[in-house]
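Going line by line, the protein sequences match chains A and B.
All letters in the first sequence, in the order written, are residues 110 to 270 by the working numbering.
All letters in the second sequence, in the order written, are residues 110 to 270 by the working numbering.
Number of protein chains: 2
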Amino acid sequence: MEHTPIACSHHDHEHCIHDALEAARNLCISRGVRLTDLRLQVLELIWQNHKPLGAYTLMEMLAKANTRRVAPPTVYRALDFLLEQGLIHRINVLNAFIGCPSPGTKHQSYFLICRTCNIAIELDEPQLGQQIQRVAGDAGFTVETQALEVSGLCANCASAV
Amino acid sequence: MEHTPIACSHHDHEHCIHDALEAARNLCISRGVRLTDLRLQVLELIWQNHKPLGAYTLMEMLAKANTRRVAPPTVYRALDFLLEQGLIHRINVLNAFIGCPSPGTKHQSYFLICRTCNIAIELDEPQLGQQIQRVAGDAGFTVETQALEVSGLCANCASAV
DNA sequence: AGTCGCAAGGTTATAGAGTAACATATTCAT
DNA sequence: ATGAATATGTTACTCTATAACCTTGCGACT
Chain A
110 MEHTPIACSH
120 HDHEHCIHDA
130 LEAARNLCIS
140 RGVRLTDLRL
150 QVLELIWQNH
160 KPLGAYTLME
170 MLAKANTRRV
180 APPTVYRALD
190 FLLEQGLIHR
200 INVLNAFIGC
210 PSPGTKHQSY
220 FLICRTCNIA
230 IELDEPQLGQ
240 QIQRVAGDAG
250 FTVETQALEV
260 SGLCANCASA
270 V
Chain B
110 MEHTPIACSH
120 HDHEHCIHDA
130 LEAARNLCIS
140 RGVRLTDLRL
150 QVLELIWQNH
160 KPLGAYTLME
170 MLAKANTRRV
180 APPTVYRALD
190 FLLEQGLIHR
200 INVLNAFIGC
210 PSPGTKHQSY
220 FLICRTCNIA
230 IELDEPQLGQ
240 QIQRVAGDAG
250 FTVETQALEV
260 SGLCANCASA
270 V
């Protein structure tokens, strides 16, 4: 593998999850917001999969883990919290959610999404943001959020053809 | 208005719709695909509004125009056809569809979406595409489609605050 | 002109995604 | 301890989209 973006490389997954949850805990403490059991559980499920997860898939996972029914508002409220805190991103084209590897740092949402294996690789490209900002500015547009979703084949899947 | 992207400027709307439909007809003829009454009707409704329209809004419009019930698959099939032919784009963040001002020319989907008036301004920025292509290539990713959805305030709404 | 084949559209039912409104339970500051 | 605020539970519903199957109608070919 020549190119290995974080989400793509083979890595110590347990360690990766642990770090993400630890970072989330610290971030929430420093902000004075509550990372409750439910919210933490949702974040953990999202990280364990390492691929975009739909709200209803999460619901089923929660129901199994807690051995009781979990209704949509429960999971959506947790997701809303995690989105607000920048701990996860929403992938619009998939109606799904994925963990953010660098919460805390304010950034936009740029993703490479593999149509075969469904992996979503988050890009860290401030320059791209600047160019988008400039183009939008030329049109007199005030940018609030940016969402770039590039679909195609990841390195692994492309070489597997 | 200093900056006037196509979708934003005051223009002869009838003329604009007419041109779009004419272009669509020609494109379909040259490709040997059938722009049926239904498909044309959907395309026309989308252009008449000039703002992203949801599938169910379209359904109601069709039902009224045709004075009979129209079921979801009917409108979704027409939308699928128009998407395939590049005559419309899908705005993921709005679950809505909008006419493409330059079908025929292969291009990606870059939109500025005003959260107040809901207008969606399509950008024509091949350079942006190149930069995205480059960034994705650096990650070993093979790009198939790009979707950029920038949310914020359009020039009109920003000045109206 | 008939007819065969296929693409388009109709119909019913259901899956998937998200929210409104209200009730209950926790937590926190005082 | 108590009240206010925050978080979660519950029910019901809306909106978005697709599956599966049937019917229609165009169009190429003899």
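Using N, Cα and C, we set each Cβ at its ideal position, and we do this for glycine too.
Can you tell me where the alpha helix (DSSP H) holding cysteine 266/B begins and where it ends? Note, cysteine 266/B: alpha helix (DSSP H), 264–268.
Between the region 168–189 of chain A and chain B, which residues of the former have a C-beta closer than 9 Å to a C-beta of the latter? none
Note down, in chain order, every chain A residue with its Cβ under 7 Å from the Cβ of asparagine 227/B. Those do not exist, as asparagine 227/B stays about 14 Å from chain A at its closest Cβ, beyond 7 Å.
Taking only runs that begin and end inside the region 119–190 of chain A, name each unbroken alpha helix (DSSP H) of 4 or more residues, in chain order. 122–140, 146–158, 164–175
Between the region 238–268 of chain A and chain B, which residues of the former have CB atoms less than 8 Å from a CB of the latter, in chain order? Gln240, Ile241, Val244, Ala245, Asp247, Ala248, Gly249, Phe250, Thr251, Val252, Glu253, Thr254, Gln255, Ala256, Leu257, Glu258, Val259, Ser260, Gly261, Leu262, Cys263, Ala264, Ala267
Going by DSSP, what residues sit across from histidine 198/A in a beta bridge? Ile207/A
Grab me the residues of leucine 232/B's own chain with a C-beta within less than 6 Å of its C-beta, minus the 5 sequence neighbours each way, in chain order. Tyr219
Note down, in chain order, each residue of its chain lying with its Cβ closer than 6 Å to the Cβ of alanine 256/B, except the 5 sequence neighbours on either side. Ser218
Just list the alpha helix (DSSP H) runs in the region 205–249 of chain B, keeping only unbroken ones of 4 residues or longer that don't cross its boundaries, in chain order. 235–247
Status (buried if at least 16 other CB within 10 Å, exposed otherwise) for glycine 246/B: exposed
Look at the Cβ atom of leucine 262/B, then the Cβ atom of threonine 214/A, and state whether they are nearer than 8 Å. no
Can you confirm whether glutamate 234/A, when its beta carbon is compared against all beta carbons of chain B, has any partner nearer than 8 Å? yes
Report, in whole angstroms, the separation of the C-beta atoms of glutamine 194/B and proline 212/B, which I expect to be a contact under 8 Å. 7 Å
Using a beta-carbon distance below 8 Å, is asparagine 158/B in contact with chain A? no
Suppose you measure from the CA of isoleucine 207/B to the CA of asparagine 201/B; what does that come to, to the nearest Å? 11 Å
Residue from Ile230/A, Thr166/A, Leu237/A, Gln236/A whose Cα sits closest to the Cα of asparagine 265/A: Ile230/A
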